[in-house]
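Each remark here refers to the structure printed beneath this line.
Protein chains in written order, with UniProt numbering: chain A, 1 to 414; chain B, 1 to 1038.
Printed below as a string of structure tokens:
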């Protein structure tokens, strides 16, 4: 009996294992369909961001939509291909898996205009990320490399404060010790009573605080210090007139770059469409917001403001953060496309800002400094070939913006 | 080198050396500074303290918190509009009977600049002052904002209902309906008019033109049997004879003709040929100023002169002579006849006369010379002037006789600009239904019962047939600003059709023009291509025309009867100004302030008289101050100032049309006097000359004309204009060149050998300009183009009088004569008919710039690309730079011209609507700063950036200055002197040469190229090419 029971159990277990192994084999077969080519993974990563998949999906965790890791184990590749292209249709057509997803997440993913090949490359990226999870840490972003380097090169500021305080304490202690010594010595000398008249005068001298304070030297020094400090403050103050560094006005919609650019890593260019082609980066129009928010977070009161704008036909009146004076001409595409400057260089860690603030002072001195210190991005740009050649003929340092007229008035003022 | 014997002078004042001229010549700014004219006395110390105290308080308050500025994006961004990226649309400028294919630059959906369309085989990218200025008229706040009924606001529904009811009623009763318009160039609009006339059988369409060419079309009817204005090709003409036709300025299709003409004036060492141009005229016109030989004639001599040419040619051709009156002894006439005969089939005779019989003889001359088929094409007639003067006259008579029940004035203003304006005004009282489609309450619309305002041309869909088989599309570049409606749509609506005009237009094209091409079988492809190109050509008709000589003898007899010049009495010649035209754009301040190319006058018209005539009347003109006179012909008389005009034919006076508007708007009203009532009738046509009965009486009243002419002189320095004759040039390409030498240590050396400056190195670009004074006709298109591109303010007449005009580019007009300076008698004789030279003058971007040296705050500096940069935000207004500029091209902002009610005529900066025309890439300058030509640095920067984004060098032609791109004569060439393949490097023949110290130097090898004021060695980046006249010898008498 026992053996029979055992046999049955064993058989069941075997069946289970077999099933498991079999299904596992099937899953690995799917996995094999995913390309592992380096270039394709790279392309997939680009598409993942370009099509802002990352606003709803992450590889390793559930966000708005399911985590993508292991998707090739869970679903047929063909199913994935058709679902990504038109999820709504599959739900309507009653595909059981699609309907189950809809029930679980209560949202329909927007149709994606992607080719089979593109979807496969995105899966390649997902697979790659799953197999090689990104290493945490390395918090110093490349964009702020220069700043970070500057900080790590010197002594950190908190240590500096500790050192300063310690020094002051030591100095005060020293002073106290000195005063004690003086008292001790003068008392000792008084007790001796064998002093000459001159020495006695010195020993008996009383220190008068008021006389000290009234002495011309003290008054002179104090007046000088007060005047100098006041003047410095006034001058510093005047220099900041019109400089709005740190300006972080409240916006009509509490839009957070931290969520969009930080958490979901949406490319800046997705919303700021002009940044690579035009003078203005462009504040996104409502229709760009609606690309995602027609189906994401639709009941948030902030998002409701978008719908209200769309309905009333009145555009959203954002408060301008960066107010460059009209007399200065600044072109984003020159810096972003030609110069390949990171957005963060001028806008700070925008991906960490819940409320955008003006990071750079936007003064002319700040512009000029950068033009003096920045190497021209000449790599592969035929415009600069001859200039680089001529520059290298006479100089050993790399060509700076200032070397090719970057400090001239009519580059920005006309 | 031969010394230049000529004397150059900018005006009579300089010629006669008036004391006031001598005094002012040395001062750039007048002594008085009437800034406080309005206040009582000057402000005192206490005011100053109060203001200062308030100022400090205000400044510190303002500094506390920056104002909150909004950034408002689109709600739904249109796909093809990206903020800060301009879009360009091909369209067509249409104004009355004028049309030009253009490209409209828009920014964020606002048209801001008009450029010529290079795809047009007629104008080939050229524009003129009016085309350039037309974009400002779009933003004129005096345009009607919606339909009007009896002067008060109404809506379209009401208007349509009432008008249809009234038209139906009139039509049912058999009452006469007339549509009156200027030449209608749009075939689809004509079709809509046909729908209207089919619906109302008593309706007729009458067209007239304020500057009529009825004489030509009627003359051609008599010569060829078809009414038409043929097309001309000046580019094929070796000999051009014009009797009073200002074909470079105002005659029929001046941009096209300038393009063609300038081709025949371009010469080089390899091509030492150019056309020869004879001009016979009364007023000194732009065309006359460019002629090689110009002869002043009385208007009454024009007919007999044409007859004399006819007879001269007939004698050579063996044709019968005619008796066309006696022209008298006319200089250069025989030479002109002989040359025309030598260049048979490669000559062109044109006449500006509107008398059909004169045109019959002109046709006869061209027929005998075999010019038809060569320089004149009757198979592709121009459509610009289809007006019928006789039909218009009888319409006016009919209104007065009470025979007309309803009239629709379709975009025209005949009460102001027709020959019978007064009679029409009286007659209209008897017309029961008067409708106007004007864009503003003009002189005619004010009398109308209903006004159904039309769109501006930049707001509408339409088509234009410029000449037979040459079409150009009009496409909207902005949604209609106001509640206006396109006139053809209005016609369709009133004919009971509800079709949208855009559909109607496309249908018409599908039916009639799509079928005429074989490139594509898909209409949408055809339509998109045509819309992109802007132009579509099917070619002219193939009808065979033969010249009918039978009309000639009768024509000659008519001339003999009507043109009886006895050489006494005063004759009046009416003309149009190149800038203002017929006055329909009088409310455009850019045109009002554009300096007339000949008289250098702004904001006025005046009686042009010769020096001898003025002396006879005892009138002197001194720094714009002149006297007013009363001009009378019959019952018509006006009081107007006199302007002494060198080159004005003896016994004639001239007066410009297009002024004296009363209902144009705040800018155009009461500027000058209306000359249209002086138009006379001859052989059924409007004639713009008055042969007899002209009287002028002095009033003794003093008047100041705002001229830009005598300002900014060169104080007698030579070498500004360098010129020669073709004969000399053929022998030596250095002909006319002056090579100044400087004395140094016992020898004479080139000025460039001594220098205080270190020079500049140009590794990247080296921008420069080459200006061909032989091609430049002085038409002023560049000055208005510059005004539009660079946000240049309009300062008004008062400030022009104070010599404070702001134009960055001016066209210096020099008169010259070969008499020595000390011989006053000879000089005065020379002023009877001087030679004229035009020299566009803008910042010369000197490599050794005197302005840069003296600026105390380094607000004007040199760039590494050869530009002289002006930094407004750094300028503190010392004006040292202007004082030190040898070319006097710097302009000072004496006032705040924007948002200032005292400068309300500066429409582009003083109201929200007008401001839409401003170029967002160019700063609007503040009070107290200097400004000047920047070589369109915004365009240079944009062009460079576009190239950088595509990882390449900019190609020649990618970047062009506004003036160069507007120029219909291609006289201005902009480019990179460092680029061997650029056009400018090639015309200047730039060669790399060893400088003797191992380095290479770039040297300009072109013999004609020179620097103005080379002797001071400021080394400009602007080169001028010598003026070469096609004359036998260098003399005014030759």
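Each residue gets a CB set at the ideal place from its N, CA and C atoms; glycine is no exception. These numbers were taken from a predicted model, which means no experiment stands behind them.
What three-state label does DSSP hand residue 771 of chain B in the structure shown? strand
Whose Cβ in chain B lies nearer than 7 Å to the Cβ of residue 284 of chain A? 73
Given a threshold of 16 other Cβ atoms within 10 Å of its Cβ, counted over all protein chains shown, does residue 912 of chain B qualify as buried or as exposed? exposed
Using 8 Å as the threshold, is the C-beta distance between residue 484 of chain B and residue 454 of chain B below it? yes
Taking only runs of the alpha helix (DSSP H) that begin and end inside the stretch 576–652 of chain B, which ones reach a length of at least 4 residues, in chain order? 589–593, 611–617
Ignoring anything shorter than 4 residues or poking outside the stretch 912–995 of chain B, list the alpha helix (DSSP H) runs there in chain order. 937–949, 962–966, 983–987
Indicate whether at least one CB of chain A lies closer than 8 Å to the CB of residue 872 of chain B. yes
Under the rule that 16 or more other beta-carbon atoms within 10 Å means buried, what is residue 389 of chain A, buried or exposed? exposed
Chain-order list of residues whose beta-carbon lies under 7 Å from that of residue 91 of chain A (same chain, five-residue window excluded): 98, 99, 102, 108
Neighbour flag for residue 487 of chain B against chain A, beta carbons, 8 Å: no
My output table needs one value for residue 435 of chain B: the three-state DSSP class, helix, strand or coil. strand
Measuring alpha carbon to alpha carbon, tell me which of B:950, B:957, B:925, B:951 ends up nearest residue 940 of chain B. B:957
Out of B:180, B:456, B:559, B:564, point me to the one whose CA is closest to residue 307 of chain B's CA. B:559
Residue 37 of chain B CB to nearest chain A CB: under 8 Å? Note that residue 37 of chain B scores 46 on pLDDT, short of 50, meaning its location in the model is unreliable and no value can be drawn from it.
Contact set for residue 764 of chain B: own chain, Cβ-Cβ below 8 Å, skip 5 residues either direction: 864, 865, 978
Sheet register partners of residue 377 of chain B (DSSP bridge): B:231
Pull out every residue of the stretch 945–956 of chain B whose Cβ sits closer than 7 Å to any Cβ of chain A, in chain order. 945, 947, 948, 949, 951, 952, 953
Is residue 563 of chain B helix, strand or coil by DSSP? coil
Among A:329, A:384, A:298, A:303, which one has its Cα closest to the Cα of residue 412 of chain A? A:329
For residue 1053 of chain B, return the contacting residues in chain A, with the cut-off set at a CB-CB distance below 9 Å. This structure does not reach residue 1053 of chain B, given that chain B is present from 1 up to 1038, and the question cannot be answered.
DSSP three-state label for residue 394 of chain B, please. helix
Could you tell me the boundaries of the alpha helix (DSSP H) in which residue 490 of chain B lies? 487–494
Could you give the distance in angstroms between the alpha-carbon of residue 1012 of chain B and the alpha-carbon of residue 555 of chain B? 51 Å
In this structure, does DSSP put residue 214 of chain B in helix, strand or coil? helix
Neighbourhood of residue 141 of chain B by C-beta distance below 8 Å, restricted to the same chain and skipping five residues each side: 907, 911, 913, 914
Among B:1003, B:573, B:771, the one whose alpha carbon lies nearest that of residue 298 of chain B: B:573
Under 9 Å Cβ-Cβ, which residues of chain B neighbour residue 408 of chain A? 861, 862, 863, 864, 865, 867, 869
Look at the Cβ atom of residue 127 of chain B, then the Cβ atom of residue 971 of chain B, and state whether they are nearer than 8 Å. no
Between B:222, B:835, B:93, B:854, which lies nearest to residue 549 of chain B when the distance is taken from Cα to Cα? B:222
Interface partners of residue 85 of chain B on chain A, CB under 7 Å: 277, 278
Should residue 324 of chain A be listed as close to the ligand SAH, given that the test is whether its C-beta is under 7 Å from any heavy atom? Absent from the structure shown: the ligand SAH. Ligands present: none.
Name, please, each residue of chain B whose Cβ falls closer than 8 Å to the Cβ of residue 338 of chain A. 945, 948, 949
Three-state class that DSSP yields for residue 865 of chain B in the structure shown: coil
Chain A within 8 Å of residue 713 of chain B, Cβ atoms only: Unreliable placement is indicated for residue 713 of chain B, whose pLDDT of 43 sits below 50; the coordinate value is still reported in the next sentence. Answer no: the Cβ-Cβ gap between residue 713 of chain B and chain A never drops below 8 Å.
Flag residue 965 of chain B as yes if its beta-carbon sits less than 8 Å from any beta-carbon of chain A, otherwise no. no
I'd like to know if the stretch 583–591 of chain B and the stretch 130–137 of chain B are in contact, where contact means that at least 3 CB-CB pairs between them fall below 8 Å. yes
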